[in-house]
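Input: a single structure, listed below in structure tokens.
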Amino acid sequence: MGHGASHGQQAGGGDRWKNDVKQPMPDASTVEHRFNQVLNLMDLPPDKAKLLRSYDHQKKWEIVCDQEKMSAKQAPSFYLSKLSTYLDPKAPRSTKRRRTLGNSKSTQVLRDLEISLRTNNIEWVREFLNEENKGLEVLIEYLSFQLEILKFELGKSCIDGPNAVGSGTGLADEQIGIGSSGGHSLVYSSPAVITSQNSAPMLQRTKSLGPYDGSSEVEDSRNSTMRRSYRRSQRGYRSTTGGTPRLRRRPTHKQLSRLNMGEAEDDIHVCIMCIRAIMNNKYGFNMVIEHTQAINCIALSLNHKSLRTKALVLELLAAICLVKGGHPIILNAFDNFKAVCGEQYRFLTLMEYFKDLTEYNIDFMVACMQFINIVVHSVEDMNFRVYLQYEFTQLGLEAYLDKIGQTESDELQVQISAYWDNFFDVQSLMEDSETRALALERVNELDHELSRCHEVENEIMAKIVELETENLKLQRMNEELMEMREKSTEEINTLRKKISDKDKEYTQRASFLENKLQQLENGSVSGGSSTSSTPVPPPPPPPPPMPPGGAVMAPPPPPMPTKISGEVPPPPPPPMNPGVMPMTGERSGPPLPVAGLMTIRHPKMKTKYKLPTLNWIALRPTEVNGTVFSNLDDEKLYNRLNRLRLDRFEEQFKLGPANGGVGTDKTDRPDDTIKKFRGPEKVSQLDHNRLRNMAICRRKLDLATDAVVRLVNNLDLKTMSHDQLETLMRMVPNEAESKALKQYEKDHKNIDGLTDEDKFLLQLTKVERLQQKLNIMHYMSTFQETVSTISPQVHSVTHAARTIKSSKKVSQMLELILMIGNMMNGAKRGAAYGFKLQSLDILPDLKSADKKCSLLHFIVDVLKEEFPEAASIDQELRITEKAAQVSLENLLTDQTELEKGMELCRRELALRKEKDQVLQEFLCQNDEKLRKLVSDMAVAKEAYADCVSFYGESARTVTTNAFFSTLHRFFKNLKQAETENERRRMLEEAQRQKSLSNNNNVQDSKRNQDAVINEIKSRTKQIKEKKLLKQDEVYNGALEDILLNLKNEPYVRADAVRRSQRRKLDNPNLVQSRDAATMDV
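Just so you know, the sequence shown maps onto residues 1 to 1081 in the working numbering.
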């Protein structure tokens, strides 16, 4: 609905508002129905319509009421009839026609029409533009009429001088030519030269950087410019009016005054506003773009006196350029402008307006610079962009931009910078192209070297694993030999002791027997009787045989019951308690608890403040034995560290004063029926989908049936490609299909009646062990690739496991973390002997009291100062990164599949009685590779099991990727924390230097550098490729969105950032001026 200047009424009988009386809200269903009708009339995009639908009923009802208040009171024909009256040459002589115009001027009618186009619903605009009313045609014809009048006024002012224009409508007795809508040949002179009374208020309202002094020299300059432009226009007009239809009669000035017609410049401005309102409608936008004369009239309106109108015209033309297909339309419009206005070069008049310093209007200059930027750089063809750049360069654009480069207007500076950012410097591009070619060659060389380095690295890693495996074997052999040596030595010592004991025993016995013999020889009666009464003791039993393995001999038999007795060996020591460690040496770690006697380790670390809890997963005392933690002594480390460092740690992570208390921890159904596909003549035993898939696979296979059978029986992989093999494997008939096809043949039915696909499957069912042969072929075709993929992964696991287990750096890190964790948990949970490695993930999350650093940052500082050799973890980071991507379980599964496939090949060769050359060659070449892979896999599995066991984990519960991923994340977090600590130290040092320095030049330079860096980063992140909007994608309100986006952000292509940075490096003055503008903003 069109509205007047106020909300109460509309001048000239336009639209009127309804009374602002709030209507009572009906029931919910009625509200929804009427709201949906309003949404259909508004024709909003889906996202906005969805947002409105989410409103409650009260809000929806308010929208319905507001829309009904804006319902149109005047039909489009009301305005069109008045505009047609102004265009009718008979209207000045018809009292009846003049009465239909009323008292309103043409300018007011156009304003009411613009408001109606802008505020009424979509259907009203469509009605205005439909075939019956042809509103766009009438509006363009009226605009052409006013442009003719403006041309005459400018021409008269050129001839009679600036003071002869008078009120702006001094036509005297001259006639005014009016072009029809079918095509116009209009001529103008420079509007900047008009100094009439009507243009003075307009000039006063323009925003300018400098005051206009109105001196006689400026007037002379403007008049001379006007005369040149008018003469050029007249020449162009005479040369282009031959094919332009003219009205049969031209109204005189007196006749026009009877129609109460407004000023031409005002009517032209409002006409442009009406066209803008039409273009904001999806249907109207497409109509304007497809209307050649409409675009030509908009372009010709650049000769309007008002710079504000010029800026509006340039904004509309720039918006059209950003719609796909709009750029050639705009160029054609300026070609028409060149022909009509008699320009020597295209865009010449536009550049004259832009460079006219007598009318220095910022809004116009910004719009002009924005239009030039878009019309040059919105095309995709780079050669065309360079051509358009050169076209404006020839008109003096670059020299003028350098002249006004130091302007104080931020908006203009932004547009100029956007143009230079998009600018193509062909010389620089040539240099970049040559540099790029050299760089690409260098990149190819580096890629080749890098691939070779990777190969060498894999070879070295495989060699390392092989040498480590050999070393382990030698170590085991050495240990076995040492054990054999110890056993042999022990056995020799035992035998020597046994011989010594026997010698001693026999010596004693011989002495005893000699004494007895002496007594008997002496013949003493008393001796004889006593001797005879005492029986001779029997000889001692023979010693028991030696136990196997050189075991320790049993103790000797008891001595003879005589006065001469051997030395009794001491009793054996009591057996040791299995819970007590043997005292074979001093242990470097804390004492382990005795089983059953102590399960909680009481802390010896006292803290002044209450510290946060480190929620690690502690190892039980019985799980520590044999792990890395059994050799760690956190108490010793606690006593060794600097007390000031630990105090600083407590200050950073304190939660409150220590209270000594013990804290509490918070813990399809598938379809049963199968429809069989039956062709008109052929019969199929397959369902429809299967038959269709078979037909597709046969086309991909592209082999005859006999050839397929022959290749399968011969296991020929040279003729059949891998893709063909996989296709054939998908075509193998299942059990039901095989049974159906064989039954069909068994029933002696006509085989020719089957489809080609059924015949093909029937032939496949006759191949013996078809599935087995296909599996063998697939195995043979993928064996080498599978082994090449698995072997580096196996070696990476082996190398990572051995490196991590033997790494002293990791042990020192864990010792430090154990000490800190016991400090933090000592008063609450008791000290721990070790922890699970997954507890390392919580270290970055434990923040200090001021939230500026984490526990990991403190650990990195301590490692760097106390254990500098442990601070470098590049090797650990690299090897864990590779190992974290490997799943040993999957590798074992792949190994099993490889072994099964190899066994399948052996059985097939045995069935063929070892006469198949293909299988023999395959087994001969790859059997050893598989055995080597199996051996490497066993070594990797053993190395991984030893590694995880060393760190208190179990290989049965922790996978390789989980174990190494945990370590890799820890090392990566350490590296990041180290970088952040270094950055923090640099910032602190910079702040300290800044506070001590009083040199303002250094501070300004640093600020400028930071501004440049921030600008480059922000522009790199924010700039996206400006894609043109397709014509069928134009929506209601698209024009306003385009203009708003251009106002908020200049048109900069995504490929402009690199050129912009290069220009800044080549032109430091541009950097300084751009930075100054950025800082002012």
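Glycine is no exception: its CB is placed at the ideal position from the N, C-alpha and C atoms.
- For Tyr506, the secondary structure class from DSSP, reduced to helix, strand or coil, is helix.
- By the 16-neighbour rule on beta-carbons within 10 angstroms, Gly901 is buried.
- Annotated three-state conformation of Ser854 is strand, per DSSP.
- By the criterion of a C-beta distance shorter than 6 angstroms, Cys321 is surrounded in its chain by His327, Ile330, Ile374, Val375 and Ser378, once the five residues flanking it on both sides are discounted.
- Taking the CA atoms as reference points, Asn303 sits about 12 angstroms from Phe354.
- C-alpha of Ala510 to C-alpha of Leu517: approximately 10 angstroms in a straight line.
- Of the candidates Ser788, Asn961 and Leu843, Ser788 places its Cα closest to the Cα of Leu898.
- Rounded to the nearest angstrom, the Cβ distance from Arg126 to Tyr283 is 6 angstroms, consistent with a contact under 8 angstroms.
- Under the three-state reduction of DSSP, Val886 is assigned to coil, being neither helix nor strand.
- A direct Cα-Cα distance of roughly 6 angstroms separates Ser887 from Thr960.
- A direct Cα-to-Cα measurement between Lys994 and Ala367 gives close to 44 angstroms.
- One alpha carbon belongs to Gln976, the other to Val948, and they sit about 25 angstroms apart.
- The beta carbon of Ser848 sits closer than 6 angstroms to those of Gln652 and Phe653, all from its chain and outside the five residues before and after it, given in chain order.
- For the pair Gln685 and Asp758, the CB atoms are nearer than the 9 angstroms cut-off.
- Judged by DSSP in its simplified three-state form, Val958 adopts coil rather than helix or strand.
- Taking C-alpha positions only, Pro792 is separated from Leu923 by approximately 22 angstroms.
- Apart from the 5 residues on each side of it in sequence, Asp927 sits with its Cβ closer than 8 angstroms to the Cβ of Met902 in its chain, given in chain order.
- At a Cβ-Cβ threshold of 9 angstroms, Ile275 and Ile298 count as neighbours.
- Around the beta carbon of Phe629, 16 or more other beta carbons lie within 10 angstroms, which makes this residue buried.
- Exposed is the label assigned to Ile460, since fewer than 16 other Cβ atoms lie within 10 Å of its Cβ.
- The DSSP-derived three-state label of Ala990 is helix.
- In this structure, Tyr609 and Leu646 do not form a Cβ contact; the two beta carbons are roughly 11 angstroms apart against a cut-off of 8 angstroms.
- Under the Cβ criterion (8 angstroms, minimum of three pairs), the segment 426–441 does not count as touching the segment 769–787.
- Scanning its chain for C-beta atoms nearer than 7 angstroms, with the 5 sequence neighbours on each side dropped, one finds around Met813 the residues Leu863 and Ala870, in chain order.
- With contacts defined as CB atoms closer than 9 angstroms, Leu967 and Leu837 qualify as a contacting pair.
- DSSP, reduced to helix, strand and coil, places Phe867 outside both helices and strands of the structure shown, so it counts as coil.
- Looking at the DSSP output, Phe835 shares a beta bridge with Ala618.
- In this structure, the alpha-carbon of Val709 lies about 35 angstroms from that of Asn890.
- In the same chain as Ala883, and ignoring 5 residues on each side of it, the C-beta atoms closer than 7 angstroms to its own belong to Ser796, Val797, Ala800, Thr960 and Phe964, in chain order.
- DSSP assignment within the segment 714–790 yields the following whole alpha helix (DSSP H) runs of 4 residues or more, N-terminal first: 722–730, 735–746 and 756–765.
- Judged by DSSP secondary structure, Arg276 falls within the alpha helix (DSSP H) whose first and last residues are Ala264 to Met279.
- For Gly753, the CB contacts under 7 angstroms within the same chain, skipping 5 residues up- and downstream, are Lys682 and Val683 in chain order.
- Going by DSSP, His327 is part of the alpha helix (DSSP H) stretching over Gly326 to Cys341.
- Residue Asp946 holds the alpha-carbon nearest to the alpha-carbon of Thr803 among Asp946, Arg912, Val732 and Met261.
- Less than 9 angstroms divides the Cβ of Lys805 from the Cβ of Ala943.
- Contact between the segment 445–460 and the segment 391–411 is absent: fewer than 3 CB-CB pairs across the two stretches fall below 8 angstroms.
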